[in-house]
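Structure record follows, encoded as structure tokens.
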Amino acid sequence: MKKKKLSPIEVEAAVNGIRKKYNDLIVEYMKPKIIKDSFEDRYISALRARVDMGNFIYTEIQVVSKLIKDEKEKQQKNQIKKYNRIHTARNQKNNHYKNIADRIFDENRDKIRKYQGIGLDDTDAFEINKLYGAMKFFELNYWPVVEKILRRNYPSRYSGPRMSMESRLFEITITGPDGFPPGLIKLRTILGRTPRGYSSLQRETQRCMLDVSFLLHDISDELPSFLEDGVLIKDEQKAVEETIEYVHTVLDDFRLMDLKSSRLKENKKWALK
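Structure, rendered in structure tokens:
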């Protein structure tokens, strides 16, 4: 039976599909635009020569699919090489002769092991897992007193620091149906990708840590004013002091003491001068 030729609409749809594959290849794997231009040249030549478009499109799909497959394999091999290089280097180090960087890294991790994680069981998210666990503990054990004081001093949830602190804390601590807070959606998406984009992971990890750091610093700045103004009642003074101590401990354990919103803004101003 004679093979049915593709209609102009089918040809256009197939060609657009191939173009999209080339666009994805150029963007995702940073390939030169000339590979797409070469396809366009072949397409124009095929039209002028009146070749069978079915055969042409089949061949071009094979070509671009092979290019994408090769790039994926190359990227995976590079990730494996990087992984092997890192772990080989670590395994070769003798514990008695660890360099300063390794010792600091291990010491910092040891300081935060005491915090209960939130179930983000991934070695690349160790700090975030522990930090968000520390914030969950804060929300359950320290925030109720803080919230009570804020409600009394700022009756409207839209006045003072109350609204800002509440919404930011719940973004970090309130869990959805999947058991994780909304503030970690993007990070978990990156962790679920294969191969893993480590530059994106690093940026998102930093953003998550800054969110927590800025909130803790704001709480740390706000609470002492309640002690100084004499607005506390009954056992609230002791509770506020314990809360301040816990906040400072978390900031210190996770090396967030210098990651304060106002300080970063000030540094940025100096950098722009």
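Residues -6 to 266 in my numbering are what the sequence shown lists, from first letter to last.
A virtual CB, placed ideally from N, CA and C, is assigned to each residue, including glycine.
Between the CA atoms of residue j and residue i - distance to the nearest angstrom
i           : j           : result
residue 104 : residue 140 : 28 angstroms
residue 74  : residue 80  : 10 angstroms
residue 179 : residue 247 : 21 angstroms
residue 205 : residue 128 : 8 angstroms
residue 252 : residue 203 : 7 angstroms
residue 100 : residue 201 : 22 angstroms
residue 208 : residue 158 : 7 angstroms
residue 189 : residue 26  : 25 angstroms
Sequence-distant residues of the same chain with beta carbon closer than 8 angstroms to residue i, five excluded per side
i           : result
residue 268 : This structure does not reach residue 268, given that the chain is present from -6 up to 266, and the question cannot be answered.
residue 11  : 32, 50, 53, 54, 57
residue 225 : 142, 219, 233
Test item: CB-CB of residue i and residue j under 8 angstroms
i           : j           : result
residue 138 : residue 236 : yes
residue 112 : residue 123 : no
residue 173 : residue 181 : yes
residue 194 : residue 117 : yes
Helix, strand or coil at residue i according to DSSP, with G and I counted as helix
i           : result
residue 202 : helix
residue 224 : coil
residue 192 : helix
residue 106 : coil
residue 171 : coil
residue 15  : helix
residue 0   : coil
residue 111 : coil
Nearest neighbour of residue i, chosen from the options [CA to CA]
i           : options       : result
residue 121 : 253, 243, 154 : 243
residue 135 : 36, 231, 252  : 231
residue 238 : 217, 222, 158 : 217
residue 4   : 245, 39, 22   : 39
residue 146 : 0, 27, 222    : 222
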